[in-house]
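Have a look at the structure below before the remarks.
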Amino acid sequence: MFTDPLFLLGLFGITMSVISWIKFNLDENNDEPFLIKYLSFISLISAIALLLSIFYNSGDLGIVLLVGAIVSFFVMLLGYYFKSSEIISSSRGYFIPLFLIFVLRTFLYEPYQIPSGSMEPQLKKGDFLLVNKYAYGLKINRIGTPNLLRNDPEYGDLVVLIPPHNPVPYIKRLIGKPGDVIRIINKKIYVNGAAIDRKFIKSEDSIINRRFRYSSGEIVTREIDVVIDLYQEKHGNAEFTIKNTRGENDQFPQEWTIPNGHYFVMGDNRDNSNDSTKDVGFVPRENFFGRADVLFMTWECWTCIPSFSKAGSLD
888 MFTDPLFLLG LFGITMSVIS WIKFNLDENN DEPFLIKYLS FISLISAIAL
938 LLSIFYNSGD LGIVLLVGAI VSFFVMLLGY YFKSSEIISS SRGYFIPLFL
988 IFVLRTFLYE PYQIPSGSME PQLKKGDFLL VNKYAYGLKI NRIGTPNLLR
1038 NDPEYGDLVV LIPPHNPVPY IKRLIGKPGD VIRIINKKIY VNGAAIDRKF
1088 IKSEDSIINR RFRYSSGEIV TREIDVVIDL YQEKHGNAEF TIKNTRGEND
1138 QFPQEWTIPN GHYFVMGDNR DNSNDSTKDV GFVPRENFFG RADVLFMTWE
1188 CWTCIPSFSK AGSLD
């Protein structure tokens, strides 16, 4: 994110606008309202560029909020030094909300939207969650060792993490801890030789999209009929529903031994999840930045009406 030209352009624009605005307010002979409008426009465009860069690069907004709060605080001190009521008033109006949002978002709860169907049937694409940022310890960066109140993830937790080779946050179910031996036999999970408790709920017909590649190289997407098996699993203190697709990912038994400082995670939609059984691999402890505790809204698309019918705490 910090090397993105769009981010650097936005940062440069805001920096120059702040410097020009301070200089304007310290110049007693300056009376040009046009300049203020010009600076406001440049600041707005620069802020939009920053937000777009953060969005497209899956950056951490918390760091930007912290920097903004620090800058506005020093500008406010500058206002006190030069006894400029305009600088004091305006900078304080930025510092207080930026600092409060930073504290709430970094150390208490951060909103997160489900990007895919990997956690179905409980969580669907478009669900908005509140991520408990102090569940595993307090830290400023998403990736890093907690500075205070360190707690390790527990079996069955809905963990929000940064994959080792991808900056986009994922949400998964915690299956294994450091030192555990994980085996999957006929889609049934064993942790250190003990099977995770599960009970069959029902089977249902469904339709999924599958991509096919022709010999010519052309890739097409087709709808195919499948049978979904739903199971109730209990792992640790968590009980949840998982989803298996018949005929998908049928394979020989697999086994993983989790190294120290790493964890094993899976999606509840077992056959349609990029997790530790696939590209994600083992997840380092420092890559966990919170636990999903609350579902507060569902918004599937920009033209859809937000729904609060599923709002509540999560297992």
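First residue of the sequence shown? That's 888 in the numbering used here, and the numbers climb one at a time after it.
Built from N, CA and C at the ideal position, the CB exists for glycine as well.
Rounded distance between the beta-carbons of LEU952 and PHE989, thought under 8 Å: Residue 989 sits at position 102 when you count from the first residue of the sequence shown. Residue 952 sits at position 65 when you count from the first residue of the sequence shown. In this structure PHE989 is in contact with LEU952, their Cβ atoms being roughly 4 Å apart against a cut-off of 8 Å.
Simplified DSSP state of ALA1022, which is helix, strand or coil: Numbered from 1 along the sequence shown, position 135 holds the residue referred to as residue 1022. Reduced to three states, the DSSP call for ALA1022 is coil.
Does GLY1154 come out as helix, strand or coil in the three-state DSSP assignment? Reading the sequence shown from its first residue, position 267 is the one you call residue 1154. Here GLY1154 sits in coil by DSSP.
What residue from SER933, ILE929, VAL905, ASN912 has the CA that sits closest to PRO892's CA? If you number the sequence shown from 1, residue 892 lands on position 5. Looking at the Cα atoms, SER933 is the closest of the given residues.
Rounded C-alpha distance that separates ASP1158 from SER1196: What you label residue 1158 is simply residue 271 of the sequence shown in a count that begins at 1. What you label residue 1196 is simply residue 309 of the sequence shown in a count that begins at 1. Going by the C-alpha atoms only, they are around 27 Å apart.
Using C-beta distances below 7 Å, list every residue in its chain close to GLU1007, excluding the 5 sequence neighbours before and after it, in chain order. Here residue 1007 refers to the residue found at position 120 when the sequence shown is read from its first residue. So the qualifying residues of the chain are LYS1130, ASP1155, ASN1156.
Alpha helix (DSSP H) segment containing ILE983, residue limits: Taking the sequence shown and counting its residues from 1, the one referred to as residue 983 is at position 96. Counting along the chain, the alpha helix (DSSP H) containing ILE983 begins and ends at 972 to 990.
Among GLY1123, ILE1095, TYR1118, which one has its Cα closest to the Cα of GLU1110? The residue you call residue 1110 lines up with position 223 of the sequence shown. The residue with the shortest Cα to Cα distance from GLU1110 is ILE1095.
Taking buried to mean at least 16 other C-beta atoms within 10 Å of its own C-beta, is TYR1023 buried or exposed? Within the sequence shown, the letter at position 136 stands for residue 1023. Buried, by the Cβ-count rule.
Count the other CB atoms, across all protein chains shown, that sit within 10 Å of the CB of LYS1026; report buried if there are 16 or more and exposed otherwise. Here residue 1026 is taken as the residue at index 139 of the sequence shown, counted from 1. So LYS1026 ends up on the buried side.
Selected residue, minimal CA-CA separation from ASP1112, among ASP1092, GLU1126, GLN1119: Indexing the sequence shown from 1 puts residue 1112 at position 225. When only C-alpha atoms are compared, the closest one is ASP1092.
Going by C-alpha distance, which of GLY1168, GLY1031, ARG1133 is nearest LEU1061? As a first step, residue 1061 is located in the sequence shown; it is residue number 174 there, counting from the start. Closest option to LEU1061, Cα to Cα, is GLY1168.
Expected contact under 8 Å - CB spacing of ALA1179 and VAL1047 to nearest Å: Working through the sequence shown from its first residue, we reach residue 1179 at position 292. Working through the sequence shown from its first residue, we reach residue 1047 at position 160. Going by Cβ atoms, the distance from ALA1179 to VAL1047 rounds to 6 Å, so yes, they are a contact pair.
Is DSSP giving TYR1042 helix, strand or coil here? Counting from one through the sequence shown, the residue named residue 1042 turns up at place 155. In this structure, TYR1042 counts as coil in the three-state DSSP scheme.
Flag this pair as touching only if the segment 1141 to 1151 and the segment 1060 to 1076 have three or more C-beta atom pairs under 8 Å; answer yes or no. yes
If distances are taken between C-alpha atoms only, which option among SER1200, TRP1186, VAL958, GLY1177 comes closest to ARG1037? Residue 1037 sits at position 150 when you count from the first residue of the sequence shown. If we check each option's Cα against that of ARG1037, GLY1177 comes out closest.
Nearest-angstrom Cα separation, counted from ILE1076 out to GLU1126: The sequence position of residue 1126 within the sequence shown is 239, counting from 1. The sequence position of residue 1076 within the sequence shown is 189, counting from 1. When rounded, the distance between both Cα atoms is 15 Å.
Leaving aside the five residues before and after ASN1174 along the sequence, list all residues of the same chain whose C-beta is less than 6 Å from its C-beta, in chain order. By one-based count along the sequence shown, residue 1174 stands at place 287. Result list for ASN1174: ILE1030, LEU1048, ILE1049, in chain order.
The beta strand (DSSP E) with ILE1106 in it runs from where to where? Numbered from its first residue, the sequence shown carries residue 1106 at position 219. Its beta strand (DSSP E) spans residues 1106 to 1122.
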